[in-house]
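Undergrad: Counting from 2, one number per residue, gives the positions in the sequence shown under this note's numbering.
Even glycine gets a Cβ: it sits at the ideal position worked out from N, Cα and C.
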Amino acid sequence: MKPAEEYILNQPEPFKSILLHLQILIEATFSEVDLQFKWKIPFYYLNEKPFCYLNPSKKKGYVDVVFWVSAHLTKYNEHLISENRKVVKSLRYFKIEDINEEILLSVLKEAHSLKGKGFYKRN
């Protein structure tokens, strides 16, 4: 078992269920992603470049799906959270029912289409 998968399975509820659901959605949509364990969290890579990561915050009670190319994202910006962050944006889930698959998959597909872009948006 990969360290990232072990990490997900060892999370307490509701984090475990949220993370497993997100993992299924991401991996079913993008078969070419590679789930790794970087910076002590599950991190998806696409063609050996960062794609997105899953960041559970037990103190605050949510799981974020954080997008690496978020400086370039244009869809569903009203749902993307950027508070106290300089560059990255995320979709945040407090319970599994919060996951709107249409929004998540749309943002993931846009991020996938931007995979050649850099972390920062340069003019």
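1. Please determine, among 10, 94, 58, 67, the residue with the shortest C-alpha to C-alpha distance to residue 51.
2. Going by DSSP, which residues form a beta bridge with residue 64?
3. With distances taken between CB atoms, is the gap from residue 104 to residue 22 smaller than 7 Å?
4. For residue 59, collect the residues of the same chain with a Cβ closer than 8 Å to its Cβ; drop the 5 residues on either side in sequence, then sort them by chain order.
5. State the start and end residues of the unbroken alpha helix (DSSP H) segment that holds residue 16.
6. The beta strand (DSSP E) with residue 36 in it runs from where to where?
7. If you follow the alpha helix (DSSP H) that residue 104 is part of, which residue opens it and which one closes it?
8. For residue 73 and residue 2, I'd like the C-alpha separation in whole angstroms.
9. Can you grab the Cα-Cα spacing for the pair residue 56 / residue 5, in whole Å?
10. In the DSSP assignment, the alpha helix (DSSP H) including residue 45 goes from what residue to what residue?
11. Could you tell me the boundaries of the alpha helix (DSSP H) in which residue 8 lies?
12. Apart from the five residues just before and just after residue 10, which ones in its own chain have a Cβ nearer than 6 Å to its Cβ?
13. Taking just the CA atoms, how far does residue 46 sit from residue 75?
TA: Per the coordinate set shown:
1. 67
2. 57, 94
3. no
4. 13, 16
5. 16-30
6. 35-39
7. 102-114
8. 34 Å
9. 12 Å
10. Unbroken run through residue 45 is the beta strand (DSSP E), 42-47; no alpha helix (DSSP H).
11. 4-10
12. none
13. 21 Å
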